[in-house]
Structures are given as C-alpha cells and as structure tokens.
Amino acid sequence: MRLALLICAGFAGFAGAAAAAGEERAVTLEAAVAEGAKPLREAVTFSIARIGPGGLLEPLAEEVGAPLKTTLADGRYRVEARYGDASALSVFDVSGRAVTHRVNLNAGWAQLRVIPHRGAQPLASAIDWQILTYGRDASGQRRQVAAVRSPNPQVILPQGHYLVVARTADAVARHTIEIAAGHTYKYTLDLNAGAVAFSALRGRGGPVVNETVDWKVFKASDKTFSAPVTTRSAANGEFLLREGRYVVLASRGRWKGRATVEVRPGNARRIAVELN
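For what it's worth, this note's numbering labels the leading residue of the sequence shown as 3, then goes sequentially.
Shown next as structure tokens:
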C-alpha cells in the first residue's frame with residue numbers, strides 16, 4: 003500500500019511540474035533608440051526565437067508592436083528588434099513570472115537634403131538616396147544599408163559612419179556622414195551645379211524646333227561618348243549639371259547637332275544648338 007501511495011505521489015508531482023513547465027508568462031518587449039532613451043511608440047518589428055540545446059534557434063513569431071505584449075513559456079529567447087533601417091539582437095529569460103525586456107537599437111537619425119549650389123534653397127523634386135557602409139568588404143565593395151526616394155528624408159541608422167549618395171535627374175552628390183546613438187543630425191549635400199537650357203534650331207538661323215529632340219549630355223573628357231551623364235527627350239533640354247565642361251548631342255531623325263558648354267555653380271545659361 004505504501005509503495006502504491008509513493009507511486010501516486012510521484013506521478014502527481016510529475017504532472018504538476020509538467021503543468022508548470024507548460025504555463026506561459028506575460029512578456030512585454032520594448033525598443034529604444036539609445037541607452038536611457040524613452041521606449042519607441044511607433045511600429046517596431048520583433049522577431050522572437052526560442053534558444054534550445056546547443057544554441058539551436060526555434061523561430062516562434064514575428065510581430066509588430068510598440069510595445070509588443072505577448073506570452074511565452076519559461077526558457078531562454080533571442081529577439082531581433084527592427085525599426086526603420088536599424089536593428090539589434092538581444093537575449094532574455096522567462097522564468098516563473100512576467101517579464102519586460104527592452105532592446106537598445108544603438109541608433110540615431112539623419113535628416114538629408116540637397117542644394118543645387120551654395121546659398122540656394124534645397125531641391126524640392128524627388129531625389130534617390132542610397133546609404134552605404136563607409137567600410138568596404140573583402141571584395142572592395144560597400145554594402146547598401148538603406149535606400150529612399152524623397153527630397154528631404156529622415157532615416158534612422160545604427161551608430162557609425164556611412165557614405166551617402168544623392169542622385170537627381172542630372173547629377174550625383176556624395177558625402178560621408180556620422181551617426182551617434184540617440185542624436186539627430188542634419189546633413190546638406192551641395193551639388194555645386196548650374197542650370198543649362200538647350201533649344202534646337204533647324205539649321206543656321208533656322209526656326210526653333212518645337213518637336214521632341216533627343217538630348218544626351220557627356221563630360222567633355224569622354225571622347226567616346228559612351229557614358230552619358232544624363233539624357234532627355236523633349237523640345238527643350240533643361241539640365242542641372244555639376245560644375246565642369248560638357249558636350250551635348252542633339253538629334254531628331256536625320257538632323258544632328260552638337261554644342262560644348264562650361265557649367266559654373268549658380269549660373270544659368272541658354273544655348274541654341276543647330277541641327278543640320
């Protein structure tokens with residue numbers, strides 16, 4: 003009889019332990035831009051994985067919240083928090099009680115804009131921004147961290163140095179920036195450019211061509227005319243070009259024309275190109 007009681011008691015204890023092991027605890031996940039900063043209240047993506055024996059990861063869920071409230075069984079977990087172009091990994095434990103865990107993104111903000119030349123207002127037209135790592139990999143390449151199309155974007159980036167590339171319709175500007183955790187930086191890239199407006203004439207002293215003309219602009223140093231700086235198909239070719247010397251080729255059907263232009267920052271020029 004005593005043996006039977008011991009067996010029953012042992013079974014009851016095992017069942018109770020199993021029930022406790024299967025119980026889930028309330029877990030709150032937060033993310034902050036930097037140590038000591040307030041938790042973010044905008045959408046943060048949390049990817050949660052359970053850490054098993056030998057460090058094997060068992061992905062459980064990917065949810066959006068700020069903060070994110072969920073439930074998890076006792077154990078060790080890895081969470082990745084992603085906000086904008088910043089992300090961070092963190093490990094936490096759940097054991098017998100509710101848990102609140104905060105992930106530090108160690109990131110900052112950059113506000114970006116482009117001016118055509120010194121003293122000018124920022125461009126309001128769409129600009130293609132590419133943010134690359136400052137350092138290069140083993141093959142000598144930089145890795146893209148972020149890309150956005152906007153005249154004046156604000157991006158959040160992990161702390162560090164980056165190369166920023168801004169592409170307008172006709173020109174490219176590059177600038178190195180630094181990001182420190184918890185700070186906001188304003189960076190203005192200067193195209194150092196001037197405006198040039200080309201029109202086409204049908205022959206010397208002929209009438210202005212009002213139909214579509216194909217315009218191709220090359221650096222004067224490009225003797226092969228193999229890599230145009232920019233192109234346009236319009237009656238008038240209006241360009242915002244970086245300082246330098248250029249050759250423009252114009253064509254409409256069998257009619258061809260060519261002109262050379264020197265561009266200086268802040269200058270605006272109008273040039274008529276004869277098509278023969």
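Don't be surprised by glycine CBs; every beta carbon is placed ideally from N, CA and C.
Could you give the DSSP three-state label for P61: helix, strand or coil? strand
Tell me whether T186 is buried or exposed, calling it buried when 16 or more other Cβ atoms sit within 10 Å of its Cβ. exposed
I think Q156 touches Q113, with their Cβ atoms under 8 Å apart; what is that distance to the nearest whole Å? 5 Å
Is it a yes or a no for the segment 101 to 109 touching the segment 28 to 42, going by three-plus beta-carbon pairs under 8 Å? yes
Would F220 be called buried (16 or more neighbouring beta carbons within 10 Å of its own) or exposed? buried
Given a cut-off of 7 Å, decide if L159 and D87 are closer than it, judged by their beta-carbon atoms. yes
Whole-number beta carbon distance between L251 and L227, since they are thought to touch under 8 Å: Note that residue 227 is Phe in the sequence shown, not Leu. Rounded, the Cβ-Cβ distance is 7 Å, consistent with contact.
Rounded to whole angstroms, what is the Cα-Cα separation between V167 and V147? 12 Å
Roughly how many whole angstroms lie between the Cα atoms of A23 and T72? Unreliable placement is indicated for A23, whose pLDDT of 49 sits below 50; the coordinate value is still reported in the next sentence. Each residue's alpha carbon lies about 17 Å from the other.
Identify the residues that DSSP records as bridge partners of Q156: which are they? Q113
So is Y79 buried or exposed if we call it buried at 16+ other beta carbons inside 10 Å? buried
To the nearest angstrom, how far is it from the Cα of V46 to the Cα of V29? 16 Å
Scan the segment 74 to 145 and note each continuous alpha helix (DSSP H) run of 4 residues or more that stays entirely inside, going in chain order. none
Tell me the rounded alpha-carbon separation between A90 and R138. 21 Å
DSSP three-state call for P209: helix, strand or coil? coil
Just to confirm, are V96 and L125 a CB contact at a threshold of 7 Å? no
Quick check: the Cα distance between L134 and E60, rounded to an integer number of angstroms? 32 Å
For S223, the residue or residues it bridges with in DSSP: DSSP, once it has assigned bridges, lists no residue as partnering S223.
Starting from A34, follow its DSSP beta bridges and name the residues at the other end. P41, N106
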